[in-house]
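*Asks:* First, the structure itself, so that you have it in front of you.
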């Protein structure tokens, strides 16, 4: 038993209230007990805390330790450049923190948009008098006065109505006017005719209602709580980056400690070993990875925007590529949301709407013309797409007729029909349209060839078969009925109605009707949708349709667009409510699933169940009550044209054209982004080996240090960055959408990728780097084992040469990393022009480091002879050819 | 187990609504209901009158429902006085409502509700009224931790509530996420997750089954408090029944307190049970 099922007096008694409302003292007491009537955001760390968190993750902690040790070293042994290194490491931490924060941070505005839907002031009864109070001060037990155009401030039980019609669109997404009644009702609160909800609007009429829930206890509060509390968690890419950084951090530390120990065992001095250990750690950490990932995602989001998918959080770019299920609305997303009347069933036969001709006296067309809210003015139809389609059909056949509107019994989800009463040609006529199953039982006669006849079982069967036939063709079918010479007392509808149920008045009129016929309307699929669905199937992505339409219509449309081929699992709203979570998950594991007669409130449960089945889910939505599902899903997709501001703020992606095909395009871009991230990780990681090997050689071979820590940072945070970004801009390859979605346990940094970078490409670069170093030393007259002052020109040139070798081989590596299998020639050497810009910037930076005094001072370099560049160039060529050969072998296996 | 049930009322509407849970239970169990009001010395005249009116209303409702009822009104400290009544009458269960000011205090330190919950020598059901529109719960969410004290009484109480209101019980367990250092969070498939159902919860479910109560279970790894409220919000549960927190102040400060979180954020009425009857 809920408050909707209580009589008005019992409801007042249950809340210790009365028609005169509460006393001021009681209201104040209840305000103290229940708190303000406001929606509150659940606690989340503020901007500063979230930013500071970026400085405390595992990799950052490791770098903090490195910086601390550098400062300690500088304090104990000044003048060895450790102070600069310490600051450089802090610079790396800050750069990474800023980029990661930029990638993760998204201002939460959905909540602010929700707040806008609640009113500021409200009129209540207090101590028997009307009083205007701030809506914040409303308490359970208050009697609120409802008037046309006002927003409702709290959930309340209607106690008195004067033609009170409300619009629940903010809650349910359905914009039909709903008539409210004062009598008791059964069933859920959300579907009860005697309940009004916070955030919804009074369309017309007036009334009084008893507040029973305020603030976060309201339905609106429920949506607000879910919108602010539900988190989709880390994106797949963020999870992978956490794993990668942990792996690298452990690897770097272990290598640093191991080589420190080895240095100690072979008798090197402590400080030498210490610098060496820090160098190893710095060389292992790909400092430029996080900024490059962020910039690459930003570029991906720009490409998606060009394809009409606006990305709100950067990580969503890649998450889109990982989705395995797309839950999509039908109307407006898969279809055009432009209804046209296609078929008419009257006089026992189905006629194409284009071939249908009727006289002005045709009662089917008159019903379609009068029983509507749609309007035609200034050459335009306005109103609900279904009603405008019917009005257009009727006007085309019988033109405009004059009739005076008398009354209306509005549509409601449980009645599934609407009725109007008009004075037409001096007579009162009642027109009804609605779902077949809700109109047919009200009819006692039917119209055939202008004659009314008694309905029998044969006719019922015939009409039902016709209805099914039209639905199976994907049409939305409405039944039409009328009654002439209606006798009723207008006062029964117009007089203020307190306890009596208006529906009962309506029902008393809605009987003994004449069944006029059926009209089937089509909302045609968007032309690009079948191709997009085919792409999804090729890409192993399951598409689940969630629609408010009946199952037959849904199945027919799904079949037409290629969404289903076999016998799909079709779950209707009422069955959905009966399913346990376990049963639902079992059903969702099916290959083809359609949800029919659903409302948006069901979406979040569907998303949760799919996620529990280890799926990565994208869901579309446009209404306020879609917001929790949009937040819960891995990717929430809001409609840019038809979506509410709340839905847009809750979503990760906004479709600028409301088109399903755009989602598929965005998925393709998302997959390309992930592939590109793997490509530039290969590229970045390859340069780790020529950064590590000089340190190992320094420790084991007792030679001068071939590469300084600052030079390592010059590669990782300087010269590597733009070429890596250019790899991030590679276009999607044609076979990308022919592969299944990557598995949740598939690693970004797998053995194949690491092996190629560390054991194949890296060693070639390391050989070039060491060759460059020794080449300069030997041509400069250096003898093995001889001491080398850190500021001698020969030593500075040797380290510069080592660094230059890395840069030169990296320019070839960028071409090698454009594909894991395909030859660079096959892809097209010039198909990504950004690569050449990247290389140009890389070389210019290196020229600055080698030949400019500032570059020399910062990076401890010295100008080298141009001939050395030529000596090192063959290594680049070798790397490129070796990789081409490897790819050829891989392709042949 | 609950032959005598006490409902404590004060001058607030919430206590009256909470008492109706006691009334319904008493009706179902054919128990005697004690409607008890203890006026504190500093209580306003208006509050006293409101409490007395509430007592009268409840008494009349009890009569209408043919529940044996007795009203007790006393003056003094509520904890001491109600404690005395409980001991004297041999009360099995006391139903007490929380107040907003209780919830605003961290860990309810120094609140009457906490004192009653800790000190009364009977089982105590602490009720937080949130939604006056859902008079009778149809969907009861029962979040359970891995180790449950007084499983039998807890199950009995839940089953009785379910039978009283003809409700379905939804058992919810939020274990810690399974994580590995290098792999991060391990996402277990549903069938593997269900293998992790702790023994006490299995016992609890067995007892519900024995008493013929329809129930469903769900495991959802994650932060306990937040997971419970999201589940309650998302599935539109009408009532949450939870065990009272056993965490002390220090432990709550360190590890957080899911019960406190749920008390603050619950979207529906919440019933915190402190069971006293031995298994």
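Chains as they are written, first to last, in the working numbering: chain A, 2 to 894; chain B, 38 to 316. Glycine is no exception: its CB is placed at the ideal position from the N, C-alpha and C atoms. All values derive from a computational prediction rather than experimental measurement.
Mind listing the chain B neighbours of residue 33 of chain A? Cutoff is C-beta to C-beta under 9 Å, in chain order.
*Replies:* Within 9 Å Cβ-Cβ: 49, 136, 137, 138.
*Asks:* Does residue 818 of chain A come out as helix, strand or coil in the three-state DSSP assignment?
*Replies:* DSSP places residue 818 of chain A in coil when its eight states are reduced to three.
*Asks:* Could you tell me which uninterrupted alpha helix (DSSP H) segments, each at least 4 residues in length, are contained entirely in the region 645-709 of chain A, listed from first to last along the chain?
*Replies:* As far as the region 645-709 of chain A is concerned, its whole alpha helix (DSSP H) runs of at least 4 residues are 646-651, 661-687, 689-701.
*Asks:* Would you kindly report the start and end of the unbroken beta strand (DSSP E) that includes residue 423 of chain A?
*Replies:* Segment 418-425, the beta strand (DSSP E) holding residue 423 of chain A.
*Asks:* Just to confirm the assignment: which complete alpha helix (DSSP H) runs, minimum length 4, are found wholly within the region 261-294 of chain A?
*Replies:* Segments of the alpha helix (DSSP H) lying fully in the region 261-294 of chain A: 271-285.
*Asks:* Please report whether the beta-carbon of residue 499 of chain A lies at a distance below 8 Å from any beta-carbon of chain B.
*Replies:* Because the pLDDT at residue 499 of chain A is just 39, under 50, the model does not fix this residue reliably, and the point stays unresolved.
*Asks:* Provide the residue span of the beta strand (DSSP E) that contains residue 535 of chain A, from first to last.
*Replies:* Element bounds for residue 535 of chain A: not the beta strand (DSSP E) but the alpha helix (DSSP H), 530-539.
*Asks:* What does the alpha-carbon distance come out to for the pair residue 280 of chain A and residue 709 of chain A?
*Replies:* Rounded to the nearest angstrom, the two C-alpha atoms are 8 Å apart.
*Asks:* Can you list, in chain order, the residues of its chain with a C-beta nearer than 7 Å to that of residue 377 of chain A? Leave out the 5 residues immediately preceding and following it.
*Replies:* Only 392, 396 meet the Cβ criterion.
*Asks:* For residue 478 of chain A, I'd like the list of residues in its chain whose CB is within less than 6 Å of its CB, leaving aside the five on either flank, ordered along the chain.
*Replies:* Closer than 6 Å at Cβ, skipping near neighbours: 468, 471, 472, 519, 521.
*Asks:* Please report the straight-line C-alpha distance between residue 176 of chain B and residue 240 of chain A, rounded to a whole angstrom.
*Replies:* Approximately 36 Å between the Cα atoms of the pair.
*Asks:* If we define contact as Cβ-Cβ less than 8 Å, is residue 12 of chain B a contact residue for chain A?
*Replies:* This structure leaves residue 12 of chain B out entirely; chain B is present only between 38 and 316.
*Asks:* With DSSP run on the structure shown, which of helix, strand or coil describes residue 526 of chain A?
*Replies:* Reduced to three states, the DSSP call for residue 526 of chain A is strand.
*Asks:* Cβ of residue 495 of chain A less than 8 Å from any chain B Cβ?
*Replies:* Because residue 495 of chain A sits at a pLDDT of 43, beneath the cut-off of 50, its placement in the model cannot be relied upon, and the following sentence gives the value as read from the coordinates. False, the Cβ-Cβ gap to chain B never drops below 8 Å.
*Asks:* What are the boundary residues of the alpha helix (DSSP H) that includes residue 790 of chain A?
*Replies:* That residue, residue 790 of chain A, is in no alpha helix (DSSP H); it is neither H nor E in DSSP.
*Asks:* Under the rule that 16 or more other beta-carbon atoms within 10 Å means buried, what is residue 890 of chain A, buried or exposed?
*Replies:* Label assigned to residue 890 of chain A: exposed.
*Asks:* Specify the secondary structure class of residue 236 of chain B as computed by DSSP and reduced to three states.
*Replies:* DSSP places residue 236 of chain B in helix when its eight states are reduced to three.
*Asks:* So, is the C-beta of residue 182 of chain B closer than 8 Å to a C-beta in chain A?
*Replies:* Chain A contact via Cβ: absent.
*Asks:* Have a look at the DSSP bridge pairing and note the partners of residue 579 of chain A.
*Replies:* The partner list for residue 579 of chain A (beta bridge, DSSP) is empty, contrary to what the question assumes.
*Asks:* Could you name the residues of chain B that residue 230 of chain A contacts, counting a contact when the two beta carbons are closer than 9 Å?
*Replies:* Chain B residues near residue 230 of chain A: 263, 266, 267, 270, 302.
*Asks:* Contact defined as beta carbons within less than 8 Å: I believe residue 361 of chain A pairs with residue 351 of chain A. What is the distance between those atoms, to the nearest angstrom?
*Replies:* Incorrect: roughly 23 Å between the Cβ atoms, too far for contact.
*Asks:* Quick one: what's residue 346 of chain A bridged to in DSSP?
*Replies:* Answer is A:351, A:519.
*Asks:* Between residue 1 of chain A and residue 545 of chain A, what straight-line distance do the alpha-carbon atoms span, to the nearest angstrom?
*Replies:* It is not possible to answer for residue 1 of chain A, since the shown part of chain A is limited to 2 through 894.
*Asks:* CB-CB under 8 Å to residue 257 of chain B, same chain, minus the five flanking residues each way: which ones, in chain order?
*Replies:* The residues are 209, 210, 211, 264, 268.
*Asks:* Could you spell out where the beta strand (DSSP E) holding residue 162 of chain A opens and where it closes?
*Replies:* From DSSP, the beta strand (DSSP E) with residue 162 of chain A extends over 156-168.
*Asks:* How about residue 506 of chain A: is its C-beta nearer than 8 Å to some C-beta of chain B?
*Replies:* For residue 506 of chain A, the predicted model reports a pLDDT of 47, less than 50, meaning its position is unreliable; a value from the coordinates is still stated below. Judged by the 8 Å Cβ criterion, residue 506 of chain A is not in contact with chain B.
*Asks:* Which first and last residues belong to the alpha helix (DSSP H) in which residue 458 of chain A is found?
*Replies:* Run containing residue 458 of chain A: 458-473, per the alpha helix (DSSP H) assignment.
*Asks:* So that I know if they touch, is there some Cβ in chain B lying closer than 8 Å to that of residue 193 of chain A?
*Replies:* Residue 193 of chain A does not count as touching chain B.
*Asks:* Chain A partners of residue 218 of chain B, CB-CB under 7 Å?
*Replies:* The contacting residues are 247.
*Asks:* Just the C-alpha distance for residue 184 of chain A and residue 91 of chain B, rounded to the nearest angstrom, thanks.
*Replies:* Cα to Cα, the separation comes out at about 26 Å.
*Asks:* Whose C-alpha, out of A:95, A:217, A:147, is nearest the C-alpha of residue 36 of chain A?
*Replies:* The candidate whose alpha carbon is nearest that of residue 36 of chain A is A:217.
*Asks:* Quick one, which residues of the region 642-661 of chain A are near chain B if we go by CB-CB under 9 Å, in chain order?
*Replies:* For the region 642-661 of chain A, which is checked against every Cβ of chain B, not one residue is closer than 9 Å.
*Asks:* If you run the structure through DSSP and keep just helix, strand and coil, what is residue 619 of chain A?
*Replies:* In this structure, residue 619 of chain A counts as strand in the three-state DSSP scheme.
*Asks:* Kindly list the residues whose CB is nearer than 6 Å to the CB of residue 222 of chain B, restricted to its own chain and excluding five residues on each side of it in sequence; keep chain order.
*Replies:* Counting only Cβ-Cβ distances below 6 Å, and skipping sequence neighbours, we find 214, 216.
*Asks:* Cutting at 8 Å between CB atoms, please list the residues of its own chain near residue 100 of chain B, excluding the five before and the five after it.
*Replies:* Excluding residues within five positions, the ones whose Cβ falls inside 8 Å are 106.
*Asks:* Report the three-state DSSP secondary structure of residue 584 of chain A (helix, strand or coil).
*Replies:* Three-state DSSP puts residue 584 of chain A in a helix.
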